[in-house]
Structures are given as C-alpha cells and as structure tokens.
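The sequence shown lines up with residues 1087 to 1494 when you count with my numbering. Where a beta carbon is used, it is the ideal one built from N, C-alpha and C, also for glycine.
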Amino acid sequence: MVRFFIFHRNEAMKTFFTCDPLLRINFWMKPTKGIPASRSTGFKISALDDVFSIKNIECYSNCSFFVSLLAVLGFSIVHGDPLVPALIIFGDSVVDVGNNNNLYTLVKANFPPYGRDFVTHRPTGRFCNGKLALDFIAEYLGFTSYPPAYLSQDARGKNLLIGANFASGASGYYDRTADLYRAISLNQQLNYYKEYQTKVVNMVGTNKASEMFSGAIHLLSAGSSDFIQNYYINPLLNAVYSPDQFSDILITYFINFIQNLYGMGARRVGVTTLPPTGCLPAAITLFGFGSNKCVARLNRNAISFNNKLNTTSESLQKGLPGLKLVVFDIYQPLLDMFTKPSNNGFFEARKACCGTGTIETSFLCNAMSVGTCSNATGYLFWDGYHPSEAANKVLAGDLLAQGISLIS
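Here is the structure:
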C-alpha cells in the first residue's frame, strides 16, 4: 500500500502542493488561470492496489486539473514506471548535460565549481551547481536515471531506451550562433536524433521504437544564446536586422525544426520561451550601463519573441495532426523569482553565486574564481547566465504543471 498526504493552499498569486513523505512539489499558478486568490483547500489521496480515492476535496472546478496531476504522479510511484517512455532533449546550455564536454569549444562546464552540489558532487557538463530543471522533471515523471548526453560514453545500449540528450551549450535556433562557439546546431542535433532512432530500432524493433518515439516527450530550449551571445554583441547582425526582424528569423528556424521533428515521429513536444534575458546577471553587467536593474529593452524583445512563439505554436499544432505542442513559460516564473526573491526562498537575485556574480560563466567560472559563495541555495543564479539548482527545482514544478497535457 502506498499512502501519501497532500496539503494544498492558495495564497495570493501562488498555489502550493506539499506531498509528504514521498515527494514535495510546488506549483505557481496565477488567479487568472482560474484559481481564486483567497481559496484554500486540503485533500488526501490514498492509493491501495491501484485504486485511488480522493477525500475531503473542497475546491473550484479546475481542481480536477490538480487531482489529475497528482493521480498520475501517484500512479508512477505505485508502479515504478515513468509516465512517458522516454525524454528527448534538444537545445542549449539550459539543458546540456555534457555534450559540450566532447567538443572543441570554450563553452564547457566540466570543471569545478560546476557540479559541486550534484548527486555525485562532481562536474558533469551541466551549467549549474547541481541539477537542471530537466533533471527534476525526469525524477517527477518517474525516471530513475537521466537521459544521457548523446556524445558521452553513457549513450549506449539500454541507456538509450529512456531517451537521449542532444543539447549543446551556446547553440540556438540560428545555425550561425552554434557555429560561432563550435556548438552543435539544431540541424545537427536532429541528425544525431535520426542516428539515435536507428540504434533504438535495432534494439527493440520498428513497432516498439515507433511507439516510444511518438510517446516520448521531446523538449526544446533555445533562443537565449541567439540574442545574448550573438545578436546583441554582433554589430553585423545589429546593422542588418532589428530585434523584431531577427526574432522573425528565429521563428522560421523554429517552424522548420518542429516540422522536421514531427516528420521523425515526434507527437509530444514542449518548447520553452525565452527567460527575462534582461534580468540575467551577465546581461545586466554587459547592457545595463551601471544599473543593477533588469535591462528593459532586452526583456521587451524577449516578450515579443515569446508572443510570436505562442502564436506560431498554436498554428503548428492545428496544422500537424496528432501533435501536442506545449509552450513552457519560463519568463514569468523567473521574473517573479527575480522581483520577489524572498517569496521563493532566495536572498540574492541580482548577483550569481560564482565569482563576482556579475559576468562569470563557463571557463570564467572556475575553481580560481574569487568570491564564489559557499552555499548556493539562497541564490537565484549560479553563474552569469544560468539558474541555480534551487531555482531549477522551483522552475521544474511550474513546468510540470504547465505540461500536464503532454503526459495525460
């Protein structure tokens, strides 16, 4: 018998779930999504021989959303099976788990202090002190290990049957962004995925492989490097394209990527928005002209791109039969953590933990960096561009709530 108790309450702009003793999840949901700001609800879920009973429920109509989410999570706990057959990851440093370790690039994170708070307490190539949001999501979905970096030695045999990670730090929608930093472009990541599919077919057969690919969640994180590490520092791009025109180019690449991915059998796809790029510590340092506030124009450009991403995704989903395409909003959750850090358990949101906290990332964030904090749990950012493990955990809960349609 599995029994766990969930306490849920809503305070102003937030909804909280505390699941004890098996797991703890926090979800941030705005009242505009149907949850009244003052409503409080408590309920208990019991699982016995695959039968779930919900007791003491008192909530409005959208409570069924949360009950469904908790029920599927509980089902995974009872059976020990992941909620989806595999996770397939594409994108940039936000989701890179070590592919860049095997590239001739300066954009790496396979040295201390990266990874110091990871389960192994060693650097893995993740651009974080510990786990990525992706890692937490994999755990919440019932995976007992993480999809391996495709270029790593772990990407072989049965390890490939839970998925694979093709992401590369400093990659983006725009192929030339990846070229600048010798990262793996999205086109090449798709080529690796095709190669991966052949390996899986050889292991399990065509039918099972097709079911695995169509049932897997395919996650894409891109765009930040295109702006921060290319457009904003590239006078040639600035001279030719306005930010709005450049975002149109990125959207065209996004459309092509989704269409190609769909053609390879993907039916469940999630794509992240741009974060509030103007609030990244490195962006404030580089483009803030001495201010410690978010760079407004960068955030405006991010919002504009995100609006286009949402509109385009709706169109793609209508035009591609059977496709579930979810846009994961990471802009608002990160902005909330930045503007109200104490509400989320952070005491520092302007500066990162590593080094001076103003610019350091990749090779600039190293064991010799002066000023690195001893405990990153109170920091929103680990380095100049990337969230800390603590922030990733908060973000993962929010993304899981947004992506319920991909696992239902």
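Backbone CA spacing between residue i and residue j [nearest angstrom]
{"i": "residue 1204", "j": "residue 1235", "result": "16 angstroms"}
{"i": "residue 1490", "j": "residue 1224", "result": "14 angstroms"}
{"i": "residue 1264", "j": "residue 1288", "result": "31 angstroms"}
{"i": "residue 1191", "j": "residue 1391", "result": "28 angstroms"}
{"i": "residue 1417", "j": "residue 1195", "result": "24 angstroms"}
{"i": "residue 1240", "j": "residue 1251", "result": "11 angstroms"}
{"i": "residue 1328", "j": "residue 1373", "result": "17 angstroms"}
{"i": "residue 1407", "j": "residue 1293", "result": "20 angstroms"}
{"i": "residue 1281", "j": "residue 1431", "result": "43 angstroms"}
{"i": "residue 1360", "j": "residue 1167", "result": "32 angstroms"}
{"i": "residue 1313", "j": "residue 1428", "result": "29 angstroms"}
{"i": "residue 1377", "j": "residue 1419", "result": "22 angstroms"}
{"i": "residue 1277", "j": "residue 1228", "result": "28 angstroms"}
{"i": "residue 1457", "j": "residue 1443", "result": "8 angstroms"}
{"i": "residue 1344", "j": "residue 1187", "result": "27 angstroms"}
{"i": "residue 1256", "j": "residue 1296", "result": "31 angstroms"}
{"i": "residue 1341", "j": "residue 1334", "result": "11 angstroms"}
{"i": "residue 1243", "j": "residue 1270", "result": "23 angstroms"}
{"i": "residue 1262", "j": "residue 1179", "result": "16 angstroms"}
{"i": "residue 1301", "j": "residue 1331", "result": "35 angstroms"}
{"i": "residue 1386", "j": "residue 1421", "result": "13 angstroms"}
{"i": "residue 1208", "j": "residue 1214", "result": "11 angstroms"}
{"i": "residue 1388", "j": "residue 1364", "result": "8 angstroms"}
{"i": "residue 1474", "j": "residue 1181", "result": "13 angstroms"}
{"i": "residue 1217", "j": "residue 1202", "result": "10 angstroms"}
{"i": "residue 1461", "j": "residue 1197", "result": "18 angstroms"}
{"i": "residue 1409", "j": "residue 1355", "result": "8 angstroms"}
{"i": "residue 1463", "j": "residue 1317", "result": "32 angstroms"}
{"i": "residue 1249", "j": "residue 1375", "result": "43 angstroms"}
Residue i (DSSP reduced to helix, strand or coil)
{"i": "residue 1233", "result": "coil"}
{"i": "residue 1461", "result": "coil"}
{"i": "residue 1251", "result": "strand"}
{"i": "residue 1434", "result": "strand"}
{"i": "residue 1256", "result": "coil"}
{"i": "residue 1263", "result": "helix"}
{"i": "residue 1193", "result": "coil"}
{"i": "residue 1345", "result": "helix"}
{"i": "residue 1170", "result": "coil"}
{"i": "residue 1446", "result": "coil"}
{"i": "residue 1393", "result": "helix"}
{"i": "residue 1286", "result": "helix"}
{"i": "residue 1315", "result": "coil"}
{"i": "residue 1239", "result": "coil"}
{"i": "residue 1185", "result": "helix"}
{"i": "residue 1117", "result": "Per-residue confidence for residue 1117 stands at a pLDDT of 38, beneath the threshold of 50, marking its modelled position as unreliable; the derived number appears in the next sentence. Reduced to three states, the DSSP call for residue 1117 is helix."}
{"i": "residue 1280", "result": "helix"}
{"i": "residue 1270", "result": "coil"}
{"i": "residue 1224", "result": "helix"}
{"i": "residue 1203", "result": "coil"}
{"i": "residue 1320", "result": "coil"}
{"i": "residue 1456", "result": "coil"}
{"i": "residue 1326", "result": "helix"}
{"i": "residue 1209", "result": "coil"}
{"i": "residue 1487", "result": "helix"}
{"i": "residue 1301", "result": "helix"}
{"i": "residue 1144", "result": "Only weak support exists for where residue 1144 lies, its pLDDT of 31 falling under 50; the coordinates are left without a value."}
Strand pairing of residue i, partner residues [DSSP]
{"i": "residue 1414", "result": "1358"}
{"i": "residue 1048", "result": "No information on residue 1048 is available, as it lies outside the stretch 1087 to 1494 that the chain covers here."}
{"i": "residue 1473", "result": "1467"}
Residue environment, residue i, which counts as buried when at least 16 other CB atoms sit within 10 Å
{"i": "residue 1308", "result": "buried"}
{"i": "residue 1469", "result": "buried"}
{"i": "residue 1479", "result": "buried"}
{"i": "residue 1184", "result": "buried"}
{"i": "residue 1404", "result": "exposed"}
{"i": "residue 1400", "result": "exposed"}
{"i": "residue 1193", "result": "buried"}
{"i": "residue 1237", "result": "buried"}
{"i": "residue 1284", "result": "exposed"}
{"i": "residue 1445", "result": "buried"}
{"i": "residue 1350", "result": "exposed"}
{"i": "residue 1358", "result": "buried"}
{"i": "residue 1494", "result": "exposed"}
{"i": "residue 1383", "result": "exposed"}
{"i": "residue 1483", "result": "buried"}
{"i": "residue 1231", "result": "exposed"}
{"i": "residue 1210", "result": "buried"}
{"i": "residue 1291", "result": "exposed"}
{"i": "residue 1379", "result": "exposed"}
{"i": "residue 1412", "result": "buried"}
Cutoff 8 angstroms: residue i Cβ touching any chain B Cβ
{"i": "residue 1408", "result": "Reference to chain B is not applicable here, since this structure consists of a single protein chain."}
Continuous alpha helix (DSSP H) assignments of at least 4 residues falling wholly in the stretch 1359-1388: 1367-1373
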